[in-house]
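Notes to accompany the following structure.
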Amino acid sequence: MKSFPEEAFSTGHSVLNTYLDALVSELAGLETGDIATYIPQLGLADPEDFGIAIATADGRFCKAGNWDRMVTVQSVSKPFMYGEALRRFGRDTVLTKVGVEPTGERFNSIVLDEANNRAFNPMVNSGAIVTASLLAQETAERNETSMVDLFSRLAGRRLSIDKDVFASEHETGHRNRAIAWLMLNSGMIEPDPDLVLDLYFKQCSVLVNCADLAAMACTLGTFGRQPVTGEQVFAPEVTRDVLSVMTTCGMYDYAGQWLYDVGLPAKSGVSGMIMAVIPGHMGIAVYSPKLDAVGNSVRGIEVCRRFARDFGLHACTNAVDPGGAIRRVYSAREVRSLRQRTAPERRALEASGESFAAVELTGPLHFATAERAANEAAVAAQLAGCVVLDLRRVESMDPAALDILSRIPGTVGDDTTRVYLAETPERLLPALTDALAAHDATDALAFATTEAALEAFEDTVLETAGILGTDDAMRLSEAEIFKGLSPDEIAVLEGAASSFSYDPGATIVTRGDAALAFYVVARGVVSITIPVGETTRRISAVGPGQAFGELAMLDGGARSANAVASGPVLCHAFSIEQIKEIFEARPNVHSVILANLVRSLSDRLRAANEQIGTFE
């Protein structure tokens, strides 16, 4: 029987963190692109900076590289201001001022929708300036306070403005001034252009790190609910409209290719920030200041492309609720294996029950559901060094799910944590085996069933505690069914016993045969099985000191199950006729054995109830 190593008890680790670390390491060598210098303060950025962060709908963060570098948000501010305009004034009013059509031009082009006397969309500078004009109040101070408060609520913490970058933008933003005055001339904006531009420059100068921006992106992805604070910042219909425009216009004149390659709502900024949204699941933020000719971060584009490709995240693919993948999580304290244990063994296992955890998965697995399973395994590993992912109810696994599942054994916990994948449906096993082999993790399939892994865990605990039996044959006086008998009475039973050895796999008792004897295991393990359809199912197992076939003492009749040697087995057999003669001659033997039998049956019934709720 396979067993867990004694040290297999520890904490957890994020599969996505490991993935992001590897991505940063690999793409750090991508050196193409140039830092934006038309705003002088942006030209001071370190070209080697590279960070990534992910915020999930349940408030978790995964981070890698220089994720904590504080950078001005620049044009990535535009979706949030557009969302606030929609919240305040409604889509009909906002659509009269700014449309939703892509321009096919650079972000700062002086191109306007003259037919409708409005800016083309809110993701280019002209549209963002119109949006700022809608939100502008009486004074610059009030504008700043409202805007920073909005961004802080989206991020889940207090943000601030980089005054140096704001001053730099204010001094050099002549093209934006031209756009603003041109739109004032056309009646597209109404307030003082200088007041509007002050707000626009300040929104671009808000300082964020990747985790802040990922949380803000996730807020858009979770129907306006901030994932950490739980605040409903925007209504769901607002985030729907914002994400729609981000999808078609967020990446400027690269938007079409982005949608084709990546397929996620996104927005970029000239500071080197990119955010992308996986609706319903998470927000992604990348920072790397070297830009391509279009004005997008070179490494940021590649991160999002890889992420979407590796995990099948294109918006035009199917997705389900990731939380629905977790059917149940339980520990060895709640459920025992099918192996019957002695009273001292049960006490030892009760004390170590939290060191084993099983996570039952269900439904189709794709990126979001598999990532949720990986996180659940990591959480379980914080207390339990032995974690089993039960896949019996999994319907399908796409390539992204296979990749994540195959990473879990090597990244959850530390070197002392063991993660196993059990109950894999036959149709899914070849693909999962190949995926695990690619990560050198085929030992994660060491146990075919969760129950087998649980039994091996129990054996490890008992071996460590010095309780599990040795290779020496157990004496009859140690058998549970004979507990409480005197030495003389044990001697009588020893005289009635016949000893038999069985090779692994040998059938000791066959279902349907006449019940002429019962057995006590002296060495090894005997599995009790029944036929289920065309297969055979193990329903219990007994080890040294435990009996099987003992119901024959009560009613005789035919055997109701098979008894098969799980390994080399030594048993003591007792003829039912001889036992009845001993009972007549020694009534106390009858009373003690009957009481022990009732106690054993009670324990087995309790364990069976647990198994029905767990393994069915």
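One rule links them: number in our numbering = place in the sequence shown (from 1) + 3.
Glycine is no exception: its CB is placed at the ideal position from the N, C-alpha and C atoms.
All values reported here derive from a predicted model rather than from experimental measurement.
For a quick check, are the C-beta atoms of residue 364 and residue 330 less than 8 Å apart? The residue you call residue 364 lines up with position 361 of the sequence shown. The residue you call residue 330 lines up with position 327 of the sequence shown. Contact: yes.
When the Cβ atoms of the stretch 254-274 are set against those of the stretch 337-357, are three or more pairs found closer than 8 Å? In this structure the stretch 254-274 does not lie against the stretch 337-357, because fewer than three pairs of beta carbons, one per stretch, are closer than 8 Å.
For the pair the stretch 473-483 and the stretch 551-560, tell me if three or more CB-CB distances fall below 8 Å. The stretch 473-483 vs the stretch 551-560: no contact.
For the ligand SAM, I want to know if residue 329 counts as a neighbour, meaning its beta carbon is within less than 7 Å of at least one of the ligand's heavy atoms. The ligand SAM is not among the ligands present in this structure, which contains no ligands whatsoever.
I need the straight-line Cα distance from residue 376 to residue 402, nearest angstrom please. What you label residue 376 is simply residue 373 of the sequence shown in a count that begins at 1. What you label residue 402 is simply residue 399 of the sequence shown in a count that begins at 1. The alpha-carbon atoms of residue 376 and residue 402 are separated by roughly 15 Å.
Taking three-plus beta-carbon pairs below 8 Å as touching, is the stretch 18-27 in contact with the stretch 52-65? Contact between the stretch 18-27 and the stretch 52-65 is present, because at least three Cβ pairs lie under 8 Å.
Hey, out of 139, 517, 383, 348, whose CA is closest to residue 358's CA? Taking the sequence shown and counting its residues from 1, the one referred to as residue 358 is at position 355. Of the listed residues, the one whose Cα sits closest to residue 358 is 383.
Let me check understanding here. Comparing Cα to Cα, which of 247, 306, 99, 588 lies closest to residue 318? Here the question's residue 318 lines up with position 315 in the sequence shown. If we check each option's Cα against that of residue 318, 247 comes out closest.
For the candidate residues 143, 216, 182, whose alpha-carbon lies nearest to that of residue 83? Within the sequence shown, residue 83 is the residue found at index 80, counting from 1. Of the listed residues, the one whose Cα sits closest to residue 83 is 216.
Expected contact under 8 Å - CB spacing of residue 191 and residue 122 to nearest Å: Numbered from its first residue, the sequence shown carries residue 191 at position 188. Numbered from its first residue, the sequence shown carries residue 122 at position 119. The pair is a contact, with the Cβ atoms about 7 Å apart (cut-off 8 Å).
Considering just the uninterrupted stretch of the beta strand (DSSP E) at residue 276, what are its terminal residues? In the sequence shown, counting from the first residue as 1, residue 276 sits at position 273. Its beta strand (DSSP E) spans residues 276-281.
Can you check the stretch 379-411 for any beta strand (DSSP E) of at least 3 residues that lies completely inside it and give the ranges in chain order? You should have 389-400.
For residue 48, collect the residues of the same chain with a Cβ closer than 6 Å to its Cβ; drop the 5 residues on either side in sequence, then sort them by chain order. Mapped onto the sequence shown, residue 48 falls at position 45. In chain order, 38, 292 place their CB closer than 6 Å to the CB of residue 48, counting only its own chain and leaving out the 5 sequence neighbours on each side.
Go to residue 575, then tell me how far its beta strand (DSSP E) extends in each direction, as first and last residue. Along the sequence shown, one-based indexing puts residue 575 at 572. Going by DSSP, residue 575 is part of the beta strand (DSSP E) stretching over 572-578.
Do residue 373 and residue 286 have their C-beta atoms closer together than 8 Å? Stepping through the sequence shown from its first residue, residue 373 is reached at position 370. Stepping through the sequence shown from its first residue, residue 286 is reached at position 283. No, Cβ-Cβ distance for residue 373 and residue 286 is not below 8 Å.
Work out the CA separation of residue 475 and residue 343 for me, nearest whole Å. Counted from its first residue, the sequence shown places residue 343 at position 340. Counted from its first residue, the sequence shown places residue 475 at position 472. Straight across, the Cα-Cα distance linking residue 343 with residue 475 is about 19 Å.
Go to residue 421, then tell me how far its alpha helix (DSSP H) extends in each direction, as first and last residue. Position 418 of the sequence shown, counting from 1, holds the residue named residue 421. Where residue 421 is concerned, there is no enclosing alpha helix (DSSP H), although the beta strand (DSSP E) it sits in stretches over 421-425.
Could you round the C-beta distance between residue 518 and residue 562 to whole angstroms and report it? I think they count as a contact, below 8 Å. As a first step, residue 518 is located in the sequence shown; it is residue number 515 there, counting from the start. As a first step, residue 562 is located in the sequence shown; it is residue number 559 there, counting from the start. A Cβ-Cβ distance of about 6 Å is found for the pair residue 518 and residue 562, placing them in contact under the 8 Å criterion.
Count the other C-beta atoms from every protein chain shown that fall within 10 angstroms of the C-beta of residue 605, then say buried if there are 16 or more, exposed otherwise. Position 602 of the sequence shown holds residue 605. Exposed.
Using the C-alpha atoms, what's the distance from residue 57 back to residue 452? Taking the sequence shown and counting its residues from 1, the one referred to as residue 452 is at position 449. Taking the sequence shown and counting its residues from 1, the one referred to as residue 57 is at position 54. For the pair residue 452 and residue 57, the Cα-to-Cα distance works out to about 34 Å.
Out of curiosity, what's the CA-to-CA distance linking residue 386 and residue 399? In the sequence shown, the residue the question calls residue 386 occupies position 383. In the sequence shown, the residue the question calls residue 399 occupies position 396. Pairing residue 386 with residue 399, the inter-Cα distance amounts to about 29 Å.
Separation of residue 576 from residue 548, as counted between CA atoms: On the sequence shown, position 545 is the one that residue 548 refers to. On the sequence shown, position 573 is the one that residue 576 refers to. Going by the C-alpha atoms only, they are around 13 Å apart.
Assigned exposure category for residue 503 - 16 Cβ within 10 Å defines buried: To locate residue 503, count along the sequence shown from 1; it is residue 500. Exposed, since its Cβ has fewer than 16 Cβ neighbours within 10 Å.
Does residue 288 come out as helix, strand or coil in the three-state DSSP assignment? Taking the first residue of the sequence shown as position 1, residue 288 is located at position 285. Here residue 288 carries a strand assignment [DSSP, helix/strand/coil].
Kindly indicate which residue of 103, 94, 167, 198 has the alpha-carbon position closest to the one of residue 140. In the sequence shown, the residue the question calls residue 140 occupies position 137. Of 103, 94, 167, 198, the residue nearest in Cα terms is 198.
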